[in-house]
Amino acid sequence: MEKTRNGSEENLKLGSLIDIVLSWTLEDALNENLYKDKVHKIPETFKSATDYKNSFIPLLFEETRADLSSSLSGVSQAALCEIKNVEHSKQLKLRKAQNQFIQFHHTIWLKSTTDYEPASGDLIAITYIRPKSLNDLNTLNSPYHIAYLNGGKNRFSDRITVLSSKCMKMDVDTLSRKNNTQKMYVVYIMNMTTNVRIWKALHSKSKGDHLNIIEKVLQPNLNSGENCKICMSGSNSQASFITKDIIRSQNLNESQQDAVTSCVRMVDCSHANTKLIWGPPGTGKTKTVACLLFSLLKLKSRTLTCAPTNTAILQVAIRLHSLVTDSLDHDTYGLGDIVLFGNGKRMKVDSYPGLEDIFLDYRVKNLMQCYAEWNHSLVAIIEFLSDPSKQYFLEMYDKYDDSLTFEGYVKRARKDIIELYQSIMTMEQFVKQRYLELREKLKFLLLTLYIHMPKSFISVNNILQALDSLKSLEISLSQAKFKQAVDDCEEESIPACFGPSSLERKDCLHILSFLSKSISLPDFKVRHQVEKFCLSNASLILCTVSSSIKLYSEEKSPVKFLVIDEAAMLKECESTIPLQLPGLCHCILIGDERQLPALVKSKIADECEFGRSMFERLVTSGYKRHMLNVQYRMHPSISLFPCKEFYDGKISDAVIVGKEKYNKHFLEGKMYASYSFINIAKGKEQFGRENSLKNMVEVAVISKILESLKHEFMRTKKKVSIGIISPYNAQVFEIQEKVKQYIAVSDTDFSVSVRSVDGFQGGEEDIIIISTVRSNESGKVGFLSNRQRVNVAITRARYCLWILGNAATLINSDSVWRNVVLDAKRRDCFHNAAENKKLARAINDVLFEIKLLDGSESPFKKLSLGGKSEKPTTSSSSRAPKQRW
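Numbers given in the numbering used here equal positions in the sequence shown, counted from 1, plus 95.
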């Protein structure tokens with residue numbers, strides 16, 4: 096399959112996604128029309144679940160191509176590392192379609208680097224120069240290769256293995272003969288792990304009822320459970336009692352209670368069912384999800400909880416962990432029934448105290464140590480307590496004396512030998528020291544089992560009894576009177592004449608002996624076995640949606656419930672990964688389709704609704720939603736507009752946000768009240784980095800406001816967190832550069848975060864400052880008009896929301912921003928930045944700088960004004976003939 100664009104739609108399905116990507120030429124990747132005639136809008140109805148899955152495949156190719164094209168355009172900033180050597184390649188596989196397609200397997204040895212560490216799933220470029228632009232790829236003087244890492248860097252060496260559609264060794268040998276000092280580089284392009292997993296899910300061979308839940312989801316009127324007597328009655332006394340107890344302890348409001356109880360009622364139902372929980376901003380969605388999961392944990396209903404991103408699933412895990420640990424009867428006993436897994440570095444699990452107790456990597460590491468040392472440690476302490484004096488003389492003999500065996504000592508009972516040993520280390524010193532060593536080791540192993548093993552494998556009473564006995568023996572040992580006169584010790588009573596009483600020691604020995612018989616640990620030798628054990632026996636599993644593919648092989652203990660948080664941010668095709676888990680019966684989707692959807696880079700795929708979520712599909716199909724209708728985040732003056740504009744006035748303010756302590760003022764003046772629109776009439780929109788827009792006048796105003804906030808903080812020492820949001824990446828960069836002195840300071844009492852709207856979804860800060868950027872006479876605002884993006888931006892603040900923008904431009908835009916400005920004027924929350932002396936001076940200063948640059952004829956002018964970046968040309972004389980990666 097040499098060219099995907101020349102193949103029929105059926106041929107697209109012959110190879111894997113990696114085959115397709117590696118078969119593209121550079122021109123293919125940059126060609127926006129490559130799949131234009133092969134993709135179609137995703138239908139509203141389908142003949143079958145298989146037909147449903149197949150509808151996403153061409154669009155997945157197109158979105159992957161667009162993602163690759165976007166990544167290639169930024170290749171000059173890409174991370175890279177240098178190559179030491181490339182081993183001889185070998186042909187790995189041959190595709191027999193209309194055209195032959197060969198893949199080669201290569202082993203690459205890397206030089207040590209801190210810039211880039213290749214990871215599994217990375218798509219990389221192998222180059223002979225550091226690329227400064229896209230034009231540096233595929234030139235006659237600098238041939239390149241695109242390759243896929245089917246495994247990350249070996250942690251014990253600098254070796255990686257890659258797949259490529261082209262043999263690299265020939266080029267390496269040719270270049271080496273020309274120049275012995277020729278360098279080679281691995282340049283990071285993008286990671287394809289998620290797309291590869293989607294591909295696998297769309298092509299999975301379903302068995303039995305694996306597609307049952309998808310078929311039910313796609314037919315909302317068929318046995319949805321809305322009329323099920325069990326679901327509606329809530330007659331299950333155990334489920335009802337447990338849920339009510341949790342609801343009472345967590346003080347859930349009525350809408351949160353309804354959401355939790357309606358989902359828990361499904362526990363005893365066998366029909367496939369799907370429920371939607373609608374969680375607008377600040378309505379306690381994460382708290383509700385945590386209470387639902389805790390109820391399912393207590394009911395021992397095996398549940399998988401997913402979210403689109405590491406950040407989102409971490410928020411659920413943190414809230415759930417806190418709820419569970421506060422409610423456990425025995426400290427951390429029971430956490431073994433919960434497991435969180437994923438990329439530890441990206442999740443930054445170490446930053447959240449206690450969360451490592453449920454994190455899979457940490458759990459596996461501790462359990463492997465426990466499995467390896469359990470029997471040895473238990474036998475060692477039992478032998479020690481059975482005869483401490485024998486252990487003492489054996490220790491002394493091994494270390495200091497090889498002239499007499501222990502048996503010889505027992506027969507001869509020589510007083511001088513005993514006195515010699517005690518002059519080196521007394522029996523008291525030895526017993527206390529050795530017991531503490533053995534006890535600490537066994538205590539660690541017992542606590543490891545206590546925390547990390549599922550409750551069904553470990554009895555809490557046995558563990559606690561053993562720990563108590565060991566502690567009591569330690570106290571007794573510290574108070575014991577050791578007989579120093581060996582004359583008083585008869586030969587047959589040596590074990591009893593040193594240390595604690597025989598009764599205490601016998602009790603402890605009895606408990607430990609029983610423990611060795613009652614706890615039978617699996618004989619696991621490799622990490623994978625321990626991982627599988629933990630995942631197979633956990634009641635609650637948390638991971639990203641993409642990572643849930645790891646559970647496909649866990650057929651021993653099927654998952655009954657699937658809970659997807661932030662479901663409206665998830666591409667519909669990605670949700671097919673967890674929805675095909677064997678045995679899945681119930682699906683609960685939590686989200687808000689009126690906030691940001693999944694990011695789609697291809698315009699063609701976006702127009703075909705590739706980014707639509709299953710949550711949105713079901714809402715459109717008429718699925719009933721349980722709405723959370725009380726918001727706890729925003730000051731009432733902030734929540735007023737979004738609640739009316741986006742939620743038809745159905746959301747009310749919680750009592751807490753209306754109290755006087757929520758009415759905080761961080762700067763003097765009406766302009767800096769809880770809610771205000773700050774008009775910057777003289778703003779200048781310009782092109783900045785990566786052809787994105789910036790407005791340096793708004794940057795200057797934000798800098799001045801931040802300066803005032805810092806000054807006020809230094810005076811009052813009142814803790815404050817500040818978020819600065821802009822829809823444009825170039826503006827985010829400029830603001831970060833301007834205020835980096837505030838961002839760099841690690842002061843938890845004065846924190847500043849600058850991000851795009853997409854980067855702030857799910858976040859909140861005390862103060863939010865929004866930079867809208869657009870400033871023109873025609874009222875053009877581009878993607879700024881997106882209602883979902885506006886909703887997210889203006890619902891992140893707790894106490895103060897200050898919106899910066901050109902009022903005339905926004906009013907003329909005929910978008911939701913027109914309503915924002917007019918609403919601010921009606922409420923007397925509209926202010927002109929030029930009327931504030933400090934802001935007016937900052938505006939004039941930056942306008943003067945812009946005018947100076949406008950008058951310059953230097954080549955620097957275009958760069959300064961952020962001229963559009965050049966698009967890669969395909970007719971350059973230095974370009975190599977068209978070829979596969």
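Glycine included, C-beta positions come from ideal geometry on N, C-alpha and C. Just so it is clear, the structure is predicted and the values come from calculations on it, not from any experiment.
The segment 793-801 contacting the segment 816-834, beta-carbon criterion three pairs below 8 Å: yes
Distance between Ala161 and Glu127 (C-alpha atoms, nearest Å): 7 Å
Burial state of Arg441, where buried means 16 or more other Cβ atoms lie within 10 Å: exposed
Three-state secondary structure (DSSP) of Trp897: strand
Collapsed DSSP secondary structure at Leu112 in the structure displayed: helix
Cβ shell of Leu388 (< 8 Å), same chain only, five flanking positions each side left out: Thr398, Thr400, Val411, Leu415, Leu635, Val658
Own chain residues within Cβ distance below 7 Å of Lys550, not counting five before or after: Gly429, Gly431, Asp432
Those runs of the beta strand (DSSP E) which lie wholly inside the segment 719-775 and span at least 3 residues: 720-722, 770-774
DSSP three-state assignment for Leu107, whether helix, strand or coil: Only weak support is given to the placement of Leu107: the predicted model assigns it a pLDDT of 44, under 50, and the value that follows is read from those uncertain coordinates. Looking at Leu107 - three-state DSSP - the assignment turns out to be helix.
Range covered by the alpha helix (DSSP H) that runs through Gln351: 349-359
Given Asp114 as reference, the closest of Ile224, Glu212, Ala242 once Cα atoms are compared: Ala242
Bounding residues of the alpha helix (DSSP H) (the contiguous stretch that carries Gly439): 439-442
Cβ-Cβ distance between Asp909 and Gly874 below 8 Å: yes
Coil, strand or helix - Ser851 by DSSP: strand
From Leu232, Ser567, Asn348, residue whose alpha carbon lies closest to that of Ser721: The amino acid occupying residue 721 in the given sequence is His; Ser does not appear at that position. Among Leu232, Ser567, Asn348, the Cα nearest to that of His721 belongs to Asn348.
Residue from Ile614, Ile413, Lys142 whose Cα sits closest to the Cα of Ile309: Lys142
Contact under 8 Å by Cβ, Pro617 with Tyr466: yes
Met809 burial status per 10 Å Cβ neighbour count (16 or more: buried): exposed
Member of Arg728, Val876, Gln624, Gln690 whose CA lies at the smallest distance from the CA of Lys754: Arg728
Exposure of Glu157, with buried meaning 16 or more beta-carbon neighbours within 10 Å: buried
Beta-bridge pairing of Thr256 - partner residues as DSSP gives them: Thr202
Thr222 classed as buried or exposed, judged by whether at least 16 other C-beta atoms fall within 10 angstroms: buried
Asp844, DSSP secondary structure in three states: coil
According to DSSP, residues forming a beta bridge with Tyr243: Leu218, Leu258
Within 8 Å, strictly: CB atoms of Glu468 and Leu540: yes
Residue closest to Ser171, alpha-carbon to alpha-carbon, out of Lys719, Asn230, Glu780, Thr159: Asn230
Start-to-end residues for the alpha helix (DSSP H) that takes in Cys629: 622-632
Chain-order list of residues whose beta-carbon lies under 8 Å from that of Val419 (same chain, five-residue window excluded): Phe389, Leu392, Gly429, Leu430, Ile433
Limits of the alpha helix (DSSP H) - the one that Glu944 falls within: 932-949
Where Met279 falls: helix, strand or coil (DSSP): coil
Supposed contact pair Phe761 and Cys924 - C-beta distance, whole angstroms, cut 8 Å: Between Phe761 and Cys924 the Cβ distance is about 16 Å, and since that is not below 8 Å, they are no contact.
Thr404 in three-state terms, based on DSSP: coil
Straight-line gap, Ile862 to Ser417 (C-alpha atoms, nearest Å): 26 Å
Buried or exposed (CB count within 10 angstroms, at least 16 for buried), Phe609: exposed
Proximity winner among Val362, Val312, Asp353, relative to Thr383 (alpha-carbon distances): Asp353
Buried or exposed (CB count within 10 angstroms, at least 16 for buried), Asn290: buried
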